[in-house]
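The structure appears right after this line, and notes come after that.
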Amino acid sequence: MTRILQRSLICYFLVTSICALEYVSSQDGGWSIASTWGGVGVPGDSDVVKISHNVIVDVNVTIGHSPLSNASTAAIEINSEGSLTIANEITLVCRGDLKLTPGYLTLLPGAVLEMDSSQSSSPATSIYKIDIVPEYGNNNALLQVNGTANTHCEIRSNPQGATTYITDGNGTENGGRMIAEFCDFKGLSSGSPDYIAWIYNPTSNGDLFKIADCTFDNCGQLKARNGLPSGSYLEYRKCIFENSILASSGGSIHTTGADLGATVKIIGCYFDERVFLYAPNDYEIEDNVFVKGVNGNSGEWYGGYWKSFKRNYVRWVDEGETWAINYSNKIEDCIIIKDMEGWNPHYFILESGTGSTDLLGNIFWFTGTGTTPLNAEGDVCMIFPPSEGSREDNTITMEKNIFLPNGQGPDGVNNITGCAFVILWNYPGANQKQVVFKRNTVYAGAWAGGCNVGENVITETGSIAYFKSNLFVGTDIGGGAMAGYKIHDLGDTEIDVVAAENADYNASYRLADALNYGNGSGKGYEIPLTSGSMIGENDIDDVDPQFVDKTRTPFTWDSSLGGPGTMQGVMGRLKGNNTIQELLDYIREGFRPQNPILKNAGDPSDGSPDIGAVDFDRQNPILNEIKRLKENMSSNQEVKNKIKSYFN
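Take any residue in the sequence shown, count from 1 to its spot, add 802: that is its number in the working numbering.
Dropping the structure here:
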């Protein structure tokens, strides 16, 4: 039965001294039609409304009483599962809170929702909320934004007043739920001290929380209030974050832990500030640009185990900042950069948890020149002990990675991006890990270049299980001397950290002689071995790999496409475009060896692969792109259209 409600002729005497009339919906209809409001008029500026029917904002309208923050009366209250729809190309200006208690708010293509505190008695401090509050145990409150690629919606704060933010009724289960596509969010923030743009509180019932093809400009943090329980569903897809507002210098755009069994997808996004991966269990993190890196903790409660971390462009601007990750994770086909001057960059700390860990097909790069205050060194993967398990349980596999020359370039006297790995620490459990290092290409031109063991603490016998089919390039430091190693002992290494028969079929160019050079053994191994061991007996040393173009970096990729050849140029080119695979293909092609001596010269027991990270024969980048499309496109038809375009 339709409930007939009349306009309340009640004046709300507010701090603004404005008399606000309350309108109450009486039937479904357009905002501009008096019968929608019981036939007593149409609400406008300075009024407030309560909606328990299906109302369409069909004309541009300003509503609200311009109170201070946290007013007892909302400018718009949608209740009893009523709905408010802002029609195509229509602007609704709301001067006060907007509450769904419960109810539904929908924006159609081109619709604009502006939260405006400019007329409050204290514009700079009057923060209005979009408060999405379902009934307990229900999902009957939702903000739905239905923009299109050609006609975006917009949710914004009026710049003459304080900011607004989207919230969950102070922790209501399933509160803050939003599904938004093609929406531009501008100036959303809860203000000091937290600077929250959107806070939501999913439950385990699987209701979707999603933003796709959206932009966030001058907005604060997005987070789940109590994390993501098993069964919850969160998705960020192809969103761009610019001019983000952080709570502190250590803040982040996204900080949300998840339990195993949650569905979390962060796909194709561009984050201009740090993202903190706190307990990212079952996260799918693919094709993203992290302008200021990712960070996270290791350990039982904080480390987490993601489902995938693939084709991401990760750039840190702090030399000493390291990303701590648990065992049993995989990082695949990523471009990982330390972008700063300095000499000792650190990338990952691997510790805690248990299980096999994989670093596969990544490109690592230190843009600095490594000349201040000391010559470059640094560590890409610092390996600490797992929580439990055997060596076989905790195998760290590093395969087909490229460790580019640093900012000095391939022929610099100190061209290392970082030691590929260093095995650290000795306490109970320290001998419960092992490294498999195969088919990598490493620029190792430094006094401690290549792979390191025995740094300050003992590295035990057998810590490296397999070390074959890798390509190392050192540097000429003048006077006929070379710098760089394959494996380098920093002073605390037991005999046979790798058995001689497990380090073989590697290749090198411009490496130091090291201690094991001679008697037919390979060059560049500076580790203690059992007397008479013939390590690297089948290595190919002192051979120029003849790379296609050893100068290739993200900078040269940008310049080859007409850009300035700078980090800003690279990130601008990646923003909003799924071109990370193109950049990977470009760099890999540059570091494809053309010296035929390296073809099929790798470990025979592994099928005699080509030595190094890139096959001797040129790969077809179209096939790589098709593979990516099949993994990530939202529909089969999109895949078909994209594939078809390559062959037309």
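A virtual CB, placed ideally from N, CA and C, is assigned to each residue, including glycine. Model, not experiment: these values are computed from the prediction.
A contact is defined here as three or more CB-CB pairs under 8 Å, and the segment 1074-1089 meets this definition with respect to the segment 1098-1115.
D1419 counts as exposed, since fewer than 16 other C-beta atoms from the protein chains shown sit within 10 angstroms of its C-beta. Taking the Cα positions, S1189 is about 9 Å away from Q1234. Comparing alpha carbon positions, the residue from L1317, A1316, H1290, S1265 closest to A1301 is S1265. Judged by beta-carbon spacing, F1043 lies within the 8 Å limit of Y1072, meaning their Cβ atoms are closer than that value.
Between A1285 and C1253, the CB-CB gap reaches or exceeds 8 Å. When C-alpha distances from C955 are compared across V914, I981, G1414, the shortest belongs to V914. Counting along the chain, G1392 sits inside the alpha helix (DSSP H) bounded by residues 1382-1392. Per DSSP, the unbroken beta strand (DSSP E) holding F1111 starts and ends at 1110-1112. Counted as a single uninterrupted DSSP element, the stretch harbouring W1167 is not any alpha helix (DSSP H) but the beta strand (DSSP E) occupying residues 1165-1168.
Under the DSSP assignment, T969 falls in the beta strand (DSSP E) whose first and last residues are 966-969. N942 sits away from P1004, with the two beta carbons spaced by 8 Å or more. With respect to T1057, Q1023 sits close: the two C-beta atoms are nearer than 8 Å. Of the other Cβ atoms in all chains shown, 16 or more fall within 10 Å of the Cβ of L1386; this residue is therefore buried. Unbroken beta strand (DSSP E) stretches of 3 residues or longer found wholly inside the segment 934-1022: 943-948, 955-959, 966-969, 980-983, 985-988, 998-1002, 1010-1014, 1017-1019, given in chain order.
In the three-state scheme derived from DSSP, where H, G and I count as helix and E and B as strand, W1359 is classed as helix. Using a 10 angstroms sphere on the CB of I1297, the tally of other CB atoms stays under 16, which defines it as exposed.
No Cβ-Cβ contact shorter than 8 Å links I1138 with V1119.
Remark: C-beta atoms of T864 and G846 approach each other more closely than 8 Å. Annotated three-state conformation of M1142 is coil, per DSSP. Annotation: the continuous beta strand (DSSP E) that includes M1200 extends over 1197-1201. Cα atoms of G1214 and T1277: separation of roughly 7 Å, rounded to the nearest angstrom. Secondary structure in the segment 1248-1316: the beta strand (DSSP E) runs of 3 residues or longer, each lying completely within the stretch, are 1253-1255, 1266-1270, 1273-1275, 1277-1280, 1283-1285, 1289-1291, 1309-1311 in chain order. Contact between the segment 1324-1336 and the segment 1351-1361 is absent: fewer than three C-beta pairs spanning the two stretches fall below 8 Å. Looking only at E1257, T950, E891, the smallest Cα-Cα distance to M1184 is reached by E1257. When the Cα atoms are used, Y1388 and Y1307 turn out to be separated by approximately 27 Å. Boundaries of the alpha helix (DSSP H) around L1376: 1369-1376.
With a beta-carbon spacing of about 4 Å, V1255 and T1261 fall inside the 8 Å limit used to define contacts. Here Q1370 is exposed: its Cβ has fewer than 16 other Cβ atoms, across all protein chains shown, within 10 Å. Between the alpha carbons of A999 and D1181 lies a distance of about 36 Å. Between the segment 1377-1386 and the segment 1403-1422, the count of Cβ pairs shorter than 8 Å is below three; the stretches do not touch. The Cβ-Cβ distance between Y1245 and P1187 does not fall below 8 Å. Pairing F1011 with M980 gives a Cβ-Cβ distance under 8 Å. Rounded to whole angstroms, the separation of the alpha carbons of Y938 and G843 is 35 Å.
By the neighbour-count criterion, in which a residue is buried when 16 or more other Cβ atoms sit within 10 angstroms of its Cβ, G1008 is exposed. The beta carbons of V857 and G831 sit closer together than 8 Å.
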